[in-house]
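Note that our numbering has the sequence shown beginning at 16, numbered continuously upward.
A quick write-up on the structure given underneath.
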Amino acid sequence: MRKTLPADFLSLIEKNFPKDFLQRSEATCAQYGDDWSKTLTIDAAAIAFPRSTQEVSKLLALTYEFNLAVVPSGGRTGLAGGASATNGEIVLSLERMNKMGEVDVLGQSLHVEAGAITELVHQHCEAAGLLWPIDFAAKGSSHIGGNLSTNAGGVKVIHYGMSRNWVLGLEVVLPNGEILSLDSALEKNNTGLDLRQLFVGTEGTLGIITAAILKLTRPPESLQSFFFAVKDTASVFQLFLEARKGPFKLMAFECLSEACLKLVETKMSLLSPLQTRGGAYVLLEAEVAPSDAVREAQEKWLEQLFTKEIVLDGTMSQSPREARNYWAIREGVPEALFMAGYVHKNDISVSVSKLEGFITELDTLFAAEYKGIETYTFGHIGDGNLHLNALRPDHANLESFQKHCHTVDEKLFQLVKKYSGSISAEHGIGLLKKDFLHFSRSEREIEIFRGIKKLLDPKNLLNPGKIIDPL
Ligand code: 2HG
Ligand code: ZN
Numbered sequence: 016m017r018k019t020l021p022a023d024f025l026s027l028i029e030k031n032f033p034k035d036f037l038q039r040s041e042a043t044c045a046q047y048g049d050d051w052s053k054t055l056t057i058d059a060a061a062i063a064f065p066r067s068t069q070e071v072s073k074l075l076a077l078t079y080e081f082n083l084a085v086v087p088s089g090g091r092t093g094l095a096g097g098a099s100a101t102n103g104e105i106v107l108s109l110e111r112m113n114k115m116g117e118v119d120v121l122g123q124s125l126h127v128e129a130g131a132i133t134e135l136v137h138q139h140c141e142a143a144g145l146l147w148p149i150d151f152a153a154k155g156s157s158h159i160g161g162n163l164s165t166n167a168g169g170v171k172v173i174h175y176g177m178s179r180n181w182v183l184g185l186e187v188v189l190p191n192g193e194i195l196s197l198d199s200a201l202e203k204n205n206t207g208l209d210l211r212q213l214f215v216g217t218e219g220t221l222g223i224i225t226a227a228i229l230k231l232t233r234p235p236e237s238l239q240s241f242f243f244a245v246k247d248t249a250s251v252f253q254l255f256l257e258a259r260k261g262p263f264k265l266m267a268f269e270c271l272s273e274a275c276l277k278l279v280e281t282k283m284s285l286l287s288p289l290q291t292r293g294g295a296y297v298l299l300e301a302e303v304a305p306s307d308a309v310r311e312a313q314e315k316w317l318e319q320l321f322t323k324e325i326v327l328d329g330t331m332s333q334s335p336r337e338a339r340n341y342w343a344i345r346e347g348v349p350e351a352l353f354m355a356g357y358v359h360k361n362d363i364s365v366s367v368s369k370l371e372g373f374i375t376e377l378d379t380l381f382a383a384e385y386k387g388i389e390t391y392t393f394g395h396i397g398d399g400n401l402h403l404n405a406l407r408p409d410h411a412n413l414e415s416f417q418k419h420c421h422t423v424d425e426k427l428f429q430l431v432k433k434y435s436g437s438i439s440a441e442h443g444i445g446l447l448k449k450d451f452l453h454f455s456r457s458e459r460e461i462e463i464f465r466g467i468k469k470l471l472d473p474k475n476l477l478n479p480g481k482i483i484d485p486l
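Written out as structure tokens, the structure is:
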């Protein structure tokens, strides 16, 4: 049974908003009430579709008055339940707020509304010769507002960093409907606390980002992609060290296991560009200066990888199409996993110089705990970030599989803690990782989170229960 909303509230909505503003059909609530994690039981009371910041503000003023909880929702590509409504909340979808301004070529910036789709922003900037460099497989669905509120990472973090580095200004609506304009868009502004960053990565628990001024950059001149097969984890790190010293600017250093490659080949009908099979595969992307001398240095660099037996095999893209094929393999892993069945996901990070030791212990842990269960490891190894996925065997009951995975998580997070890592590198905490936050954040830190939440959302109405519980 879906939660009924107060009649007075509904009549005020009817009086003050367009007819299609609040939708309550079961199908709409199910669709807009969940994210890609598809693990939680969804219970959304209604979905609101504002067209402007003013409408967001008017709605929040009302929900504040009536003590109604609101879950902000973007492209819903998150994997931690951060945008999932599980407790009769009103979901506020930003999809109608998708306008993009003109690219400011001199200031290298762009004003966008929160619902602008990442890939369309990329195309819009490209037409002006500029780039918003946050890039990941879900870019065709994800929204800028969601990227910022979750501080999305992706495949180019090694070079560009996370979303928070690429925002100059924000417009935010606070839980009581107040509009906060943090959009002076100054590169330099040392006037105390940077309030913009408070709303980046806090998953819409403190305010709803309704618009942003994005910081842009020039795109790389000439990209070169490599796909390598290596024997084992040790070789991955030897290759990484060579890549750090290579005659190019490293733009991406991604890795997938043999199990991941096999899965992508069977589920997505993609083929490895290499004949040789290995224990793991590396997709390396580099910006290479288009000069003969550099090209020669690059060939020498490649040759020594073979003579030193760091790689078993490797290939270099001869065209943008070939490079796209390498990326399709890497970025196809989550989709192939999704097709394979129910997967229990983790997204952890450890400082890259400690990662090899961590993986050795992780392999031992998984071999002992996941007997008879396929595990798939891939991710942004150059950032110290691994995506760990355990696939439910056909015969296993979902509930007992989930329970088992949670007991393994406890051990996994102990290990992450031992290595001073993070239990969520880029997917956030949402609801799914909340119980484990203490492995990565001290009691004092969590207390400070709660204090800030109390200050901005004293009634705990905005995305309640995500990341932390209130004081
Ligand atoms: C990726 O790197 C995404 O492809 C998704 O962060 C990771 O599905 C996953 O585990
Ligand atoms: Zn990722």
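Just so it is clear, CB atoms sit at the ideal spot from N, CA and C, and this is done for glycine as well.
Indicate whether residue i and residue j have their beta-carbon atoms separated by less than 8 Å.
i    : j    : result
T54  : G96  : yes
S124 : I228 : yes
A98  : V85  : no
P190 : L278 : no
M266 : K171 : yes
L406 : G222 : no
W51  : G93  : yes
G112 : E134 : The amino acid occupying residue 112 in the given sequence is Met; Gly does not appear at that position. Contact: no.
I344 : L276 : yes
P349 : A152 : yes
I396 : E236 : no
V309 : V303 : yes
R465 : I438 : no
Y385 : V358 : no
I132 : H158 : yes
A249 : E70  : no
L477 : G219 : yes
T78  : I105 : yes
A312 : P262 : yes
When we look at the beta-carbon of residue i and count the other beta-carbons within 10 Å, is it buried (16 or more) or exposed?
i    : result
M354 : exposed
V120 : exposed
R17  : exposed
E346 : buried
A382 : exposed
A42  : exposed
K260 : exposed
I463 : exposed
F241 : buried
P33  : exposed
E441 : buried
Helix or strand or just coil, what does DSSP make of residue i?
i    : result
Y79  : helix
P473 : coil
M354 : helix
P288 : coil
D198 : coil
A42  : helix
P87  : strand
L163 : helix
N453 : A small fix is needed here, since residue 453 is His in this sequence, not Asn. In this structure, H453 counts as helix in the three-state DSSP scheme.
V495 : Beyond the ends of the chain as shown, which are 16 and 486, falls residue 495; an answer cannot be given.
K8   : The question about residue 8 has no answer here: the residues shown for the chain are numbered 16 through 486.
E193 : coil
Q212 : helix
L185 : strand
A244 : strand
For residue i, report the span of its beta strand (DSSP E) as first-last.
i    : result
N404 : 400 to 406
N361 : 358 to 364
Y296 : 295 to 302
A267 : 264 to 272
Y391 : 390 to 395
D328 : 328 to 331
S108 : 104 to 108
I438 : That residue, I438, is in no beta strand (DSSP E); it is neither H nor E in DSSP.
I62  : 59 to 63
H126 : 124 to 128
Strictly under 8 Å for the Cβ-Cβ distance: is residue i near chain D by that measure?
i    : result
I396 : Note that chain D does not occur in the displayed structure, where there is just one protein chain.
What are the boundary residues of the alpha helix (DSSP H) that residue i is part of?
i    : result
E141 : 133 to 141
Q253 : 248 to 259
H419 : 413 to 433
T322 : 307 to 322
H174 : 172 to 175
T220 : Run containing T220: none; DSSP gives neither H nor E here.
S26  : 22 to 31
A383 : 370 to 384
> With distances taken from each beta carbon to the nearest heavy atom of the ligand ZN, which residues come in below 6 Å, in chain order?
Replying inline: G394, H395, H402, E441
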